[in-house]
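J.:
Chains as they are written, first to last, in our numbering: chain F, 813 to 1039; chain Z, 813 to 1039.
(1) Any Cβ of chain Z within less than 8 Å of the Cβ of residue 942(F)?
(2) Using a 10 Å radius around the Cβ and a threshold of 16 neighbouring Cβ atoms, would you call residue 813(Z) buried or exposed?
(3) Residues in the same chain with beta-carbon distance under 7 Å from residue 1016(F), minus the five sequence neighbours each way, listed in chain order, please.
(4) Among 936(Z), 959(Z), 939(Z) and 914(Z), which one has its Cα closest to the Cα of residue 919(F)?
(5) Look at the Cβ atom of residue 820(F), then the Cβ atom of residue 921(F), and state whether they are nearer than 8 Å.
(6) Restricting to runs no shorter than 3 residues, where is the beta strand (DSSP E) found entirely within the segment 922-949 of chain Z?
(7) Helix, strand or coil: how does DSSP classify residue 964(Z) here?
(8) Given a threshold of 16 other Cβ atoms within 10 Å of its Cβ, counted over all protein chains shown, does residue 818(F) qualify as buried or as exposed?
(9) Does the beta-carbon of residue 1035(F) have 16 or more other beta-carbons within 10 angstroms, so that it is buried, or is it exposed?
(10) CB-CB under 6 Å to residue 982(Z), same chain, minus the five flanking residues each way: which ones, in chain order?
(11) Compare the C-beta of residue 950(Z) against all C-beta atoms of chain F and say whether one is closer than 8 Å.
(12) Near residue 972(F), which residues of its chain fall below 8 Å by C-beta distance, leaving aside the five closest residues on each side in sequence?
(13) Given 8 Å as the limit, is there contact between the segment 978-997 of chain Z and the segment 822-836 of chain Z, that is, 3 or more CB pairs closer than that?
(14) With a Cβ-Cβ cutoff of 8 Å, do residue 853(Z) and residue 839(Z) count as a contact?
(15) To the nearest angstrom, how far is it from the Cα of residue 990(Z) to the Cα of residue 1009(Z)?
(16) Please tell me whether residue 911(Z) has its Cβ less than 8 Å away from any Cβ of chain F.
(17) Quick one: what's got a C-beta closer than 7 Å to residue 866(Z)'s C-beta in the same chain, skipping five residues either side?
(18) Determine which residues of the segment 915-933 of chain F have a Cβ less than 9 Å from any Cβ of chain Z, and write them out in chain order.
(19) Does the CB of residue 879(Z) have a neighbour CB from chain F at under 8 Å?
(20) Ignoring anything shorter than 3 residues or poking outside the segment 827-875 of chain F, list the beta strand (DSSP E) runs there in chain order.
(21) Out of 833(Z), 969(Z) and 859(Z), which has the shortest C-alpha to C-alpha gap to residue 793(Z)?
(22) Between which two residues does the beta strand (DSSP E) holding residue 974(Z) run?
(23) Identify the contact partners of residue 962(Z) in chain F, using a Cβ-Cβ distance below 8 Å as the criterion.
(24) Quick one: what does DSSP say residue 1009(F) is sitting in, helix, strand or coil?
(25) Taking the straight line between their C-alpha atoms, what separation do you get for residue 1012(Z) and residue 868(Z)?
(26) Quick one: grab the DSSP three-state call for residue 795(F).
(27) Is the CB of residue 974(Z) under 8 Å away from at least one CB in chain F?
(28) Terminal residues of the continuous alpha helix (DSSP H) containing residue 881(F)?
(29) Kindly indicate which three-state DSSP category residue 820(Z) falls into: helix, strand or coil?
(30) What are the partner residues of residue 998(Z), as DSSP defines its beta bridges?
(31) List the whole-angstrom C-beta distance separating residue 998(F) from residue 1033(F), where the pair is believed to meet the contact cut-off of C-beta under 8 Å.
(32) Kindly list, in the order they appear in chain Z, the residues whose Cβ is closer than 7 Å to that of residue 884(F).
(33) In this structure, how does DSSP classify residue 917(Z) when only helix, strand and coil are distinguished?
(34) Excluding the 5 residues flanking residue 970(F) on each side, which residues of the same chain have their C-beta closer than 8 Å to its C-beta?
(35) Return the CA-CA distance between residue 941(Z) and residue 882(Z), expressed in angstroms with no decimal places.
(36) Note down, in chain order, all residues in the segment 968-998 of chain Z with a beta-carbon under 9 Å from any beta-carbon belonging to chain F.
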């Protein structure tokens, strides 16, 4: 096993699977949970529970909500531009990418955790990024991660590796991998709403449900919620 | 002239010079001022004044103080690690780089303003980065900016250009360029302390003083402070 990695843990199914994978690859794990103005606190709670399950310390919380509110342009962060930029610079969201695309997001996150890793002398970063289900996000493609590795290696004058164990898996394959790794999916949260139980209607719930159905497995989070 | 650029304006001498240069190259400028827990509000005030001088709107403020406090490792942000990472992950600052090096900083900033630029369809970024006076910072080297351009181009599936007009200039040459461009150096702030006038003792004051002396020019900020 390799010594240490930083793992990005959002509380969702994909990053939980990446965390489960990381525990089989690295002796020590520094979990990081990132808030950037999205949704609600259910995900953060799920991230805490997942880390606790694996005997890890509480994740380090990085809060990028202010910058991403200013950047705007995404339905996930729904920021409006303050500061009165000149009239020629009216906010326009390019229409050729999904409205949930948060421009700059993954590069900001990777640069921040690479900086954190540098302080701790950790040069392995693990995340649940996936190019299949959200193929509209350009910063979830292998080409992006390869270029980001090079840029961060230059920034820190030290090679570093971004591990993307789920990058080419379908949701079904992710769930099958996680189930094999005993990932506690009952602790994860995927729903866009923050109610007591998943809504079952939003895109994220539907993708998750279809994934478990394709894997011919029950969703332990639903069982936990209804039992 | 090219249409639009985002210019990073810190309030210091270098970014003021980069801003002055940008006004000769771009029709529209979106100024951005970034706070990451450094120093005091004098710099931000100077950034506002510089933008006002050039007839620009107030700069857009991005606040990265929370993440950089968590990242720690730099004397500029002096963060300590919260969240109790496991004992094996004790904070250690690598000693082969200056203590003022903020790991990840420039890549975080560039990714954020690239995201902002994407929303506004601006793919030119200008900053006062310099590889000469602070040659210990790996993320101020041309190799880093070239790699960052590629990574951000992949992240946004659009080519973008990072302009570093000062990258290979000495402080003397920067001041000579800025003087030629009529950059209002009286409005800039370089001192690490936030007093009424520059302290004249800190590294930043000394580098600035030596630069003006080498250029055989008076420092208008000192004249303004003492008059």
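Note that CB positions come from ideal geometry on N, CA and C, so glycine has one too.
T.: On the basis of the coordinates in this document:
(1) no
(2) exposed
(3) 1002, 1003 and 1004
(4) 959(Z)
(5) yes
(6) 936-938
(7) helix
(8) buried
(9) exposed
(10) 944
(11) yes
(12) 926, 929, 935, 936, 937, 961, 964 and 965
(13) yes
(14) no
(15) 22 Å
(16) no
(17) 831 and 835
(18) 915, 916, 917, 918, 919, 920, 921, 922, 923, 924, 925, 926, 927, 928, 929, 930, 931, 932 and 933
(19) yes
(20) 838-847 and 872-875
(21) It is not possible to answer for residue 793(Z), since the shown part of chain Z is limited to 813 through 1039.
(22) 973-975
(23) 959, 962 and 963
(24) coil
(25) 30 Å
(26) Summary: the structure shown does not reach residue 795(F), with chain F confined to residues 813 through 1039, and so no result is reported for it.
(27) no
(28) 877-883
(29) strand
(30) BP columns for residue 998(Z) are empty, so no partner.
(31) 5 Å
(32) 931
(33) helix
(34) 930 and 935
(35) 24 Å
(36) 968, 969 and 970
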